[in-house]
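Numbering (the numbering used here), first residue to last: 1 to 261.
C-beta: ideal position from N, C-alpha, C; glycine also.
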Amino acid sequence: MVNKYALILEYDGSIFHGWQIQNDVKTVQGLLEAALSKFANEPIATITAGRTDTGVHALNQVVHFTSSAKRNLDGWVRGVNALLPSEIRIKRAVIVDDNFDARFSALSRTYHYYLRVAPINSAHLSRYQGWYYHELNVTKMQQAAQLLIGRHDFSSFRAAGCQANSPIREMYNLAIEQKGNLIRFNLTANAFLHHMVRNIVGALVYVGVGRITVADFQQIFASANRNNAPPTFMSNGLYLANVQYPDIILGDEGFEQWLFN
């Protein structure tokens, strides 16, 4: 009997060349599929909710796969974790119905970006947060961020090599919070384009430091032209925080809550 499973996992993306399998480099998908295949004693391929780039972390990534191996759910968690590097951890395994798809069944995705604002970056946390040396006007950044709420063409914040069929996305929430010298960007949308979060953060930082105005930001967004927008921001502070499904409730955000609080 073949079952379909969903795994909820977290990983420290700083030592991997992104999610997707590539030749001759360490990727999260490559290591996960190798561990799953060894544990199940059969080849296993995974489908993911979102392919993260080099240096990007995940708190609640979701994958699905099928297997005929007779293993209980706890076994899929503990057994596969024993075969994975410590930077990747399966948090939970669930059996899902045949119609479930980690990518296409998702209702929304939430990313968080952490930005340290200080003259000097942290030696200990530099892999887990972005950094900017100059004080930022968070109020202006919040004003600009609200222009992105709703269904829009996000071409201005789309990577040149993005393979999505359409640049239209619906942004449900974009909140910016500050505690001390740490700023958190909280973005929820139905889906995200390649580099979309990092490009938005980069543009909002330009607003915060005064290199562009809120009106400039609005014009850049309306132009639907990536060439008009500020550069892509660094990957270090980006986390896939949550994926919402009709029938699966993901876990807490663990390490991220410690980082911000």
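query	result
Give the C-beta separation of leucine 240 and threonine 52 to the nearest angstrom, bearing in mind that I take them to be a contact with Cβ-Cβ under 8 Å.	6 Å
Mark serine 235 as exposed unless 16 or more other C-beta atoms lie within 10 angstroms of its C-beta, in which case mark it buried.	buried
Looking only at DSSP bridge pairs, what is phenylalanine 289 linked to?	Outside the shown range of the chain (1 to 261) lies residue 289, about which nothing can therefore be said.
Could you name the residues of the same chain whose beta carbon sits closer than 7 Å to that of methionine 141, not counting the 5 residues immediately before and after it, in chain order?	Ile176, Leu204, Val207 and Gly208
Would you call leucine 133 buried or exposed, if buried means 16 or more other Cβ atoms sit within 10 Å of its Cβ?	The residue asked about is misnamed: residue 133 is tyrosine in this sequence, not leucine. Exposed is the call here.
May I ask which residues mark the beginning and end of the beta strand (DSSP E) holding tyrosine 11?	3 to 11
Arginine 109 and alanine 189: beta carbons closer than 9 Å?	yes
Quick one: residues in its chain with C-beta nearer than 7 Å to the C-beta of alanine 106, no 5 flanking neighbours on either side, listed in chain order?	Ala49, Val243, Gln244 and Tyr245
Between leucine 125 and threonine 232, what straight-line distance do the alpha-carbon atoms span, to the nearest angstrom?	20 Å
Would you call the segment 214 to 225 and the segment 137 to 155 in contact, with 3 or more CB pairs under 8 Å?	yes
Are the CB atoms of valine 56 and glycine 18 nearer to each other than 9 Å?	yes
Between valine 77 and glutamate 42, what straight-line distance do the alpha-carbon atoms span, to the nearest angstrom?	17 Å
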